[in-house]
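J.: To convert, count from 1 in the first sequence and add 139; that's my numbering. The beta-carbon is built from N, C-alpha and C at its ideal position, and this holds for glycine as well. All values derive from a computational prediction rather than experimental measurement.
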Amino acid sequence: MRPPRGTEDADVRATPPPPIIPMDTHDRDAARGPDERNPMPTTDVRVRFAPSPTGKLHVGGARTAIFNWAFARANGGTFVLRIDDTDPTRSTEENTQVILRAMRWLELDWDEGPEAGGDFGPYFQTQRGDLYREAAERLLEAGAAYPCFCTTEQLEADREAARARKDPFQGYSRRCRDLDPAEARARMEAGEPYVLRIKVPEGRGDVVVDDAVHGQVRFDAKELDDFVIVRSDGTPTYNFATVVDDAAMGITHVIRGDDHLSNTPRQVMVYEALGAPTPTFAHISMILGPDGKKLSKRHGATSVEEYRDAGYLSDAFVNYLALLGWSLDGDTTIVPRDVLCREFSLERVSKNPATFDPKKLDWMNAEYLAAMSDADFVDAVLMPGLEDAGLDSAASPAHDAAWYELLASVLKPRTKLTGDAAPMAAFLYAGDELAYDEKSVSKNLAKEGALASLEAAGEALAALDDASWHADAIDAALEAIPERLGTNKRKFFGAVRVATTGNQVSPPLGASLELLGRDAALARVEAAKALAVVPEA
RNA sequence: GGCCCGUUCGUCUAGCGGUUUAGGACAUCGCCCUCUCAAGGCGAAGAUCACCAGUUCGAAUCUGGUACGGGCUACCA
140 MRPPRGTEDA DVRATPPPPI IPMDTHDRDA ARGPDERNPM PTTDVRVRFA PSPTGKLHVG
200 GARTAIFNWA FARANGGTFV LRIDDTDPTR STEENTQVIL RAMRWLELDW DEGPEAGGDF
260 GPYFQTQRGD LYREAAERLL EAGAAYPCFC TTEQLEADRE AARARKDPFQ GYSRRCRDLD
320 PAEARARMEA GEPYVLRIKV PEGRGDVVVD DAVHGQVRFD AKELDDFVIV RSDGTPTYNF
380 ATVVDDAAMG ITHVIRGDDH LSNTPRQVMV YEALGAPTPT FAHISMILGP DGKKLSKRHG
440 ATSVEEYRDA GYLSDAFVNY LALLGWSLDG DTTIVPRDVL CREFSLERVS KNPATFDPKK
500 LDWMNAEYLA AMSDADFVDA VLMPGLEDAG LDSAASPAHD AAWYELLASV LKPRTKLTGD
560 AAPMAAFLYA GDELAYDEKS VSKNLAKEGA LASLEAAGEA LAALDDASWH ADAIDAALEA
620 IPERLGTNKR KFFGAVRVAT TGNQVSPPLG ASLELLGRDA ALARVEAAKA LAVVPEA
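(1) Tell me which residues share the same chain as T164 and place their Cβ nearer than 6 Å to its Cβ, disregarding the 5 neighbours each side in the sequence.
(2) Of the residues S645, L427, R629, which one's Cα is nearest the Cα of R553?
(3) For a test of the three-state rule: what should DSSP assign to Q309, helix, strand or coil?
(4) Give the DSSP-derived three-state secondary structure of K586 in the structure shown.
(5) Beta-carbon within less than 8 Å of D658's beta-carbon, same chain only, minus the 5 sequence neighbours each way: which residues are those?
(6) Within 10 angstroms of its Cβ, does Q406 collect 16 or more other Cβ (buried), or is it exposed?
(7) Return the CA-CA distance between V664 and G450, expressed in angstroms with no decimal places.
(8) Do you know whose CA, among E544, L545, L546, M522, lies nearest S535's CA?
(9) Between which two residues does the alpha helix (DSSP H) containing P621 stretch?
(10) Is the segment 464-482 close to the segment 401-415, with three or more CB pairs under 8 Å?
(11) Can you give me the Cβ contacts of N504 inside the same chain, cut-off strictly under 7 Å, excluding the 5 residues immediately before and after it?
(12) Quick one: using the 10 Å Cβ neighbour count with 16 as the cut-off for buried, is P418 buried or exposed?
(13) If you draw a straight line from the C-alpha of V457 to the C-alpha of I613, how long is it?
(14) Which term fits Q264, buried or exposed, when burial requires 16 or more other beta carbons within 10 angstroms of its beta carbon?
(15) Rounded C-beta distance between G282 and K338? I'm assuming under 8 Å.
(16) Counting along the chain, where does the alpha helix (DSSP H) carrying F495 start and finish?
(17) Would you grab the beta carbon distance between R395 and H438 for me? Rounded to a whole angstrom, and I think it's under 8 Å.
(18) Which partner residues of T217 appear in the DSSP bridge assignment?
(19) Ignore the nearest five residues each way along the sequence and tell me which others in W208's own chain have a CB closer than 6 Å to its CB.
(20) F456 by DSSP, collapsed to three states: which one?
(21) With DSSP as the reference, label R629 as helix, strand or coil.
(22) Below 8 Å between beta carbons: does that hold for L600 and A638?
(23) Check whether the segment 315-331 and the segment 371-388 are in contact - that is, three or more C-beta pairs closer than 8 Å.
(24) Using DSSP's beta-bridge definition, name the partner residues of G354.
(25) On a CA-only basis, which of P429, F379, K361 is nearest V369? Give me that one, please.
(26) Pull up the CB-CB distance for D513 and E486, whole angstroms please, since I reckon it's below 8 Å.
(27) I want to know whether the segment 342-350 touches the segment 286-299 - three or more CB-CB distances under 8 Å.
(28) What residues in its chain sit with their C-beta under 6 Å from that of F516, if we drop five residues either side in the sequence?
(29) How long is the line joining the alpha carbons of T403 and E233, rounded to whole angstroms?
(30) When we look at the beta-carbon of R185 and count the other beta-carbons within 10 Å, is it buried (16 or more) or exposed?
(31) The beta strand (DSSP E) spanning A421 covers which residue range?
(32) Tell me which residues share the same chain as G172 and place their Cβ nearer than 7 Å to its Cβ, disregarding the 5 neighbours each side in the sequence.
(33) My guess is that F188 and L220 are in contact by the Cβ rule of under 8 Å, so how many angstroms apart are they, rounded?
(34) My output table needs one value for P404: the three-state DSSP class, helix, strand or coil.
(35) What are the start and end residues of the beta strand (DSSP E) that includes G680?
(36) Under 8 Å, do V488 and V352 count as touching if we go by C-beta distance?
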């Protein structure tokens, strides 16, 4: 039997002590009507993505963000973006901006957070110091936390000793746990340095984490040591700050990386000490590189913006990442955002780590490109590419809309990355300065019979007037020539292709010539005759 | 060391005790289409379901162990 998932099982939690942090800041327990997915009355879903601005937004983080976002959307919930910038040495404002930009590119709109505001702010941990201090103070007063005066050296020695006697428990020795409160208070006031540690309740028994993807995961509370919640400089540690924030923000589902699963029982201790209900957890596996190791810089592009710049579509990227560890049904691979937002569920998240496969991303991108309308392709892919190449300008386009759409229809099936499109159209913008590819010339023009091919092609094309200058007519006019010349299509069309496009690889000839225009096409055929010289043997 | 997690085609996955000769997708290979390059169509190959025990009439699916990989065990997040 599969353990129940995604439910708020009360029986796996200890009865919470009276609240220490007032939880009346929001209406968490407002009764909602039962929904189809879960017949039990549930609170409104609130999830959060909480990146640390210590670097760019990476592929793994993006996937975590996508899962949170999709889960919120699928459940009519709220998606909160919080910046966990507690590490002042590694967090930067610039990284925050980069992350926000990446989130916007991914179109993962957040309901609360930086720039969006919300009732549970501020959404930067550095601005929530008072909350942590207040929570720590309450825990201290309630006896759920205690000051520890042990020095680093002492702790080091304790650990060493535990190792030496092969003690399976190598956590904190709890030396300061039972200090006389008055004495402790006196030492604190005397200015002796101390940290605050959580007091894991005696006889707590198993901590059962009800994980929506792993099922129930059991931890023996005896394995948990009284970990530090406030450092000697007064700043909160991660396991404390996140819980204070998640509790205060009313987060109902914590969807995050697998690496936090082992930390979860510690965090549960904090929830319980705080008197806050524990959320449902969902620990998703990490993303691996092709070598089976955790995806990192040495595997190439890892930041979201690198993918944007490499020519991937946001929609395709999100679709691909969504499928890394989640599936709609096992058969469907193209899952557009709206379907993802409707169908995403934690039940279908897989437990095992996934290897990032750039090839499949490429395929996915091509699929999304192919699905675009010609007009959209022009606006989103082709024209930006032409502008970047300095060939054209959206403000004063060189051609009419129909021309661009014809070009788009021809280029679309040939582009995998957005940047592929414009270079394929460059020959249309070369005018008299067409650059011929050397190898193409030697293989197709500097050949026996090439000159005759060009002459025949030139004549046939000249016979078409402007009104009938269309791909179909052009193809029809050239179709029979090779046979008449006693040559084959490959050689004939190869010569014409290189003459007009400069390369032996090009979009289909008829369309290429239509796009080039009658005058330019004829001029190029004429000019290329000079290249149709058979080299001396 | 201790605790926790994971293990189905090369890759992402479907699978929730009999419907499975383990399905789909990417990649690979072949054929077709074809004036190049793509796209497209059709098809092939590819997984003794990590291993070993057990439960069961029956296990990829349940249980236990082993191996391998990963995480946590910090005054990092």
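T.: By the coordinates alone:
(1) By 1-based counting over the first sequence, the position of residue 164 is 25. Any answer about T164 is weak, because its pLDDT of 33 lies below 50 and its placement is not dependable; what the coordinates show is given next. None.
(2) Along the first sequence, one-based indexing puts residue 553 at 414. It is S645.
(3) One-based indexing of the first sequence puts residue 309 at position 170. Looking at Q309 - three-state DSSP - the assignment turns out to be coil, as it is neither helix nor strand.
(4) Counted from its first residue, the first sequence places residue 586 at position 447. Of the three classes helix, strand and coil, the one that applies to K586 here is coil, per DSSP.
(5) Stepping through the first sequence from its first residue, residue 658 is reached at position 519. The answer is none, since no qualifying residue turns up.
(6) On the first sequence, residue 406 is found 267 positions in, with the first residue counted as 1. By the 10 Å Cβ count, Q406 comes out buried.
(7) Indexing the first sequence from 1 puts residue 664 at position 525. Indexing the first sequence from 1 puts residue 450 at position 311. Going from the Cα of V664 to the Cα of G450 covers about 34 Å.
(8) Translated into the one-based positions of the first sequence, residue 535 becomes position 396. Answer by Cα proximity: M522.
(9) The residue you call residue 621 lines up with position 482 of the first sequence. Start and end: 620-624.
(10) no
(11) Working through the first sequence from its first residue, we reach residue 504 at position 365. If we look at N504 and ignore the five residues flanking it on each side, its Cβ neighbours are Y451, L452, A455, K555, L556.
(12) Position 279 of the first sequence, counting from 1, holds the residue named residue 418. Its Cβ being crowded by 16 or more others within 10 Å, P418 is buried.
(13) One-based indexing of the first sequence puts residue 457 at position 318. One-based indexing of the first sequence puts residue 613 at position 474. Using only the alpha carbons, I get a separation of about 42 Å.
(14) Taking the first residue of the first sequence as position 1, residue 264 is located at position 125. Under this definition Q264 is a buried residue.
(15) Your numbering for residue 282 matches position 143 in the first sequence. Your numbering for residue 338 matches position 199 in the first sequence. Their Cβ separation, rounded to whole angstroms, is 7 Å, which keeps G282 and K338 in contact under 8 Å.
(16) Position 356 of the first sequence, counting from 1, holds the residue named residue 495. No alpha helix (DSSP H) contains F495, which DSSP labels as neither H nor E.
(17) By one-based count along the first sequence, residue 395 stands at place 256. By one-based count along the first sequence, residue 438 stands at place 299. Not confirmed; about 22 Å, so no contact.
(18) Translated into the one-based positions of the first sequence, residue 217 becomes position 78. R185.
(19) Within the first sequence, residue 208 is the residue found at index 69, counting from 1. These residues qualify, in order along the chain: F218, L247.
(20) The sequence position of residue 456 within the first sequence is 317, counting from 1. It is helical.
(21) By one-based count along the first sequence, residue 629 stands at place 490. Looking at R629 - three-state DSSP - the assignment turns out to be helix.
(22) For the purposes of this step, residue 600 is taken as residue 461 along the first sequence, with counting starting at 1. For the purposes of this step, residue 638 is taken as residue 499 along the first sequence, with counting starting at 1. In this structure, A638 does not lie closer than 8 Å to L600 by Cβ.
(23) no
(24) As a first step, residue 354 is located in the first sequence; it is residue number 215 there, counting from the start. Bridge partners of G354: D350.
(25) One-based indexing of the first sequence puts residue 369 at position 230. Out of P429, F379, K361, F379 has the C-alpha closest to the C-alpha of V369.
(26) In the first sequence, the residue the question calls residue 513 occupies position 374. In the first sequence, the residue the question calls residue 486 occupies position 347. 39 Å between Cβ atoms; not a contact.
(27) no
(28) Residue mapping note: residue 516 aligns to position 377 of the first sequence, counting from 1. Contacts found: A547, K551.
(29) Position 264 of the first sequence, counted from the start, is the residue given in the question as residue 403. Position 94 of the first sequence, counted from the start, is the residue given in the question as residue 233. C-alpha separation (whole angstroms): 30 Å.
(30) To locate residue 185, count along the first sequence from 1; it is residue 46. R185 is buried by the Cβ-count criterion.
(31) The count along the first sequence starts at 1 and reaches residue 421 at position 282. Residues 419-423.
(32) Within the first sequence, residue 172 is the residue found at index 33, counting from 1. Unreliable positioning characterises G172 in this predicted model, as indicated by a pLDDT of 33, which lies under 50. The coordinate reading is nonetheless provided below. So no residue of the chain qualifies.
(33) Position 49 of the first sequence holds residue 188. Position 81 of the first sequence holds residue 220. About 6 Å; that satisfies the 8 Å criterion.
(34) Translated into positions along the first sequence, residue 404 becomes position 265. Reduced to three states, the DSSP call for P404 is helix.
(35) Residue 680 lies beyond the residue range present for the chain, which begins at 140 and ends at 676; the question has no answer from this structure.
(36) Here residue 488 corresponds to residue number 349 of the first sequence, with the count starting at 1. Here residue 352 corresponds to residue number 213 of the first sequence, with the count starting at 1. Yes; because the gap between Cβ atoms is below 8 Å, this pair is in contact.
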